[in-house]
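To start, the structure itself, in structure tokens.
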């Protein structure tokens, strides 16, 4: 076995003959190749038979998704290869060139324990759904992690063997897996480096099995859960805040601080319970997570109240509109702290 080896890992579902051409070219460029047949069925057996002349093919009968296939392939690589090597993941539809695969691998050689992402530069020739999807995920990813990655949906990625354990432990069986890798690496402060590659779309990307609605939902599911929990808590908080103000007005007494604090205490209790059990599915002990959440709640309560008073009493904005603006600001603060500190999932390396 070579001291330095490039291994191409290709998950494939219902491929066409382009896959045969890809693996043939990879083989002629001295790549070792692992192709995972993600439950394509007997109709595609002939293609995978021809592919097996150039690559090791792993097959199973039921389709599980791209993330599942990638992790199956990585476990196979870890079991059957030793020494120093670099893995590059590629799509099976011909949208990644052999030259770019070599480029990200060589960059990985120079940057140990770093995820190398092949970054496409989008222009007017790119299909709208691909451009829109990348733009949205780029903004959300940057907002949530504070890390800037231009092409969050690129399937061309390279990394050295030291990262395989981490890659295998990351959750997600379908397209959300690749986003989860970026989120997990950003959280663990594992470097992510981008290398510009060619932008290739064949027949308007018609061969892609990516479902814009279903798979986008999976990618953003965790953020959507947090938003739903926050919205429920907001309704409780805003409803009680308004109710307390109305009751005070009946007695010719109005105190924003009392109304806001009372509503916040009740809504924070509901929010903690929902986030711990439903959103982040945390195994953190109640005492530990509740104490950290309590500190966050106190910070948000003080900050929330100060900002509310600033908007309402200093800037003269309507009290109900002030409350809405305040909640939007602290929504993003709360998400970041809960995601990465209070309910953080600590990955174990076996």
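Residue numbers (my numbering): 198 to 547.
Yeah, the Cβ is synthetic: ideal placement off N, Cα and C, and Gly gets one too.
These numbers were taken from a predicted model, which means no experiment stands behind them.
Measuring alpha carbon to alpha carbon, tell me which of the options ends up nearest residue i.
| i | options | result |
| --- | --- | --- |
| residue 221 | 241, 208, 237, 249 | 249 |
| residue 426 | 444, 468, 455 | 468 |
| residue 437 | 517, 381, 384, 499 | 517 |
| residue 501 | 461, 258, 386 | 461 |
| residue 522 | 238, 505, 219, 216 | 505 |
| residue 434 | 445, 442, 526, 457 | 457 |
| residue 527 | 498, 515, 508 | 498 |
| residue 273 | 508, 365, 314 | 365 |
| residue 311 | 385, 531, 298 | 385 |
| residue 252 | 239, 217, 266 | 217 |
| residue 376 | 346, 361, 355, 362 | 346 |
In its own chain, which residues sit with a C-beta less than 6 Å from the C-beta of residue i, not counting the 5 before and 5 after it?
| i | result |
| --- | --- |
| residue 374 | 264 |
| residue 205 | 223, 228, 230, 285, 287 |
| residue 293 | 287, 353 |
| residue 430 | 464, 467, 468 |
| residue 245 | 234, 254 |
| residue 378 | 367 |
| residue 529 | none |
Closer than 7 Å to a non-hydrogen atom of the ligand GDP - does that hold for the CB of residue i?
| i | result |
| --- | --- |
| residue 298 | The ligand GDP is absent from the structure shown, which contains no ligands of any kind. |
Can the beta-carbon of residue i be found closer than 8 Å to that of residue j?
| i | j | result |
| --- | --- | --- |
| residue 283 | residue 357 | yes |
| residue 485 | residue 535 | no |
| residue 351 | residue 395 | no |
| residue 179 | residue 422 | What is shown of the chain runs 198 to 547, which leaves residue 179 out entirely. |
| residue 302 | residue 382 | no |
| residue 443 | residue 509 | no |
| residue 259 | residue 236 | yes |
| residue 361 | residue 496 | no |
Buried or exposed: which applies to residue i, given that a residue is buried once 16 or more other Cβ atoms fall within 10 Å of its Cβ?
| i | result |
| --- | --- |
| residue 343 | exposed |
| residue 432 | exposed |
| residue 448 | exposed |
| residue 270 | buried |
| residue 511 | exposed |
| residue 446 | exposed |
| residue 525 | exposed |
| residue 209 | buried |
| residue 313 | buried |
| residue 428 | exposed |
For the putative contact between residue i and residue j, defined by C-beta atoms under 8 Å, what is the C-beta separation to the nearest angstrom?
| i | j | result |
| --- | --- | --- |
| residue 370 | residue 261 | 6 Å |
| residue 212 | residue 257 | That belief does not hold up - the Cβ atoms of residue 212 and residue 257 are roughly 15 Å apart, past 8 Å. |
| residue 291 | residue 219 | 6 Å |
| residue 226 | residue 295 | 6 Å |
| residue 304 | residue 392 | 5 Å |
Give me, in chain order, the residues of the same chain whose beta-carbon lies closer than 8 Å to that of residue i; leave out the 5 immediate sequence neighbours on both sides.
| i | result |
| --- | --- |
| residue 308 | 388, 390 |
| residue 278 | 198, 202, 204, 229, 358 |
With a CB to CB cut of under 7 Å and the five nearest residues on each side skipped, what residues in its chain are close to residue i?
| i | result |
| --- | --- |
| residue 539 | 486, 489, 490, 493 |
| residue 215 | 290, 291 |
| residue 520 | 435, 438, 505 |
| residue 297 | 315, 353, 394, 395 |
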